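In what follows, a single structure is set out as structure tokens and then discussed.
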Amino acid sequence: MGLNKNHLLEVLNHVFNEGIMHDFNYGGMDYFDEKIIYNFFHNKTWQELVVNLDIKSAAYPLELATYYFNEKNFKYYIPLYIYASLLNEKGWVFDSCFIDRYLSPDYQEIESFLSLFDTFSNPQLNVISQYMHYAGYNIGYLSARTAFEIFWEIFYNPRINGESIFFGYENMDISE
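Residue numbering for the sequence shown follows my numbering, starting at 218 and increasing by one per position.
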């Protein structure tokens, strides 16, 4: 299974096509955190952030935002996190925070976890499950692998046309 940046972005744009999210609550943030998050995310779509994404400089704002996102912010920016995480060859810490904080049922109450994903479509859940599979089995994040085996595996189907984040995977013979 190979990752292709253009194909990945095409699938993310197709599956996660909600309008821009401006519902940040800066209450409870110290000035430093607020400034970093504001400067990185303010008035930018997740697609705009992807275009000029420098993983090294984006890692800290991406990690920091995981502590402050509400459910709507998380849902809107999840394609940015998936894209950045899959291209994160240097292992910047934000993706493990993202996985643990939002995508792993072991790190929150199960009711909260399940209610978070009630608003996601089946194609969105499929893409997230493929990401969790890749993060767990290819990148080596134990929490992603565990979460995949406990929960995400039921949504996993990289063969659905238009939903596979792996270039060419949906066209593979089932026997391969």
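Here a beta-carbon is modelled for each residue, glycine too, at the ideal position from N, C-alpha and C.
These figures come from a predicted structure and were not determined experimentally.
Of the residues Ile253, Ile371, Tyr354, Ile382, the one placed nearest Glu280, counting alpha carbons only: Ile253
Cβ of Ala276 within 8 Å of Cβ of Ile316? no
Ser302 to Phe311, Cα distance in whole Å? 8 Å
By Cβ distance below 7 Å, which residues in the same chain neighbour Val267 in space, the five residues on each side in sequence not counted? Leu226, Leu297, Tyr300
As an exercise, report each continuous alpha helix (DSSP H) stretch of at least 4 residues that is fully enclosed by the segment 282 to 335, in chain order. 288 to 303, 311 to 315, 327 to 334
Just the Cα atoms here: how many angstroms apart are Asn223 and Gln341? 18 Å
CA-CA distance, Asn287 and Arg318? 12 Å
DSSP state of Phe271 mapped onto helix, strand, coil: The question names Phe, yet the displayed sequence has Asp at residue 271. Coil at Asp271, not helix or strand.
By DSSP, does Ser346 sit in helix, in strand, or in coil? helix
Please state the DSSP three-state secondary structure of Pro278. helix
By DSSP, does Ser360 sit in helix, in strand, or in coil? helix
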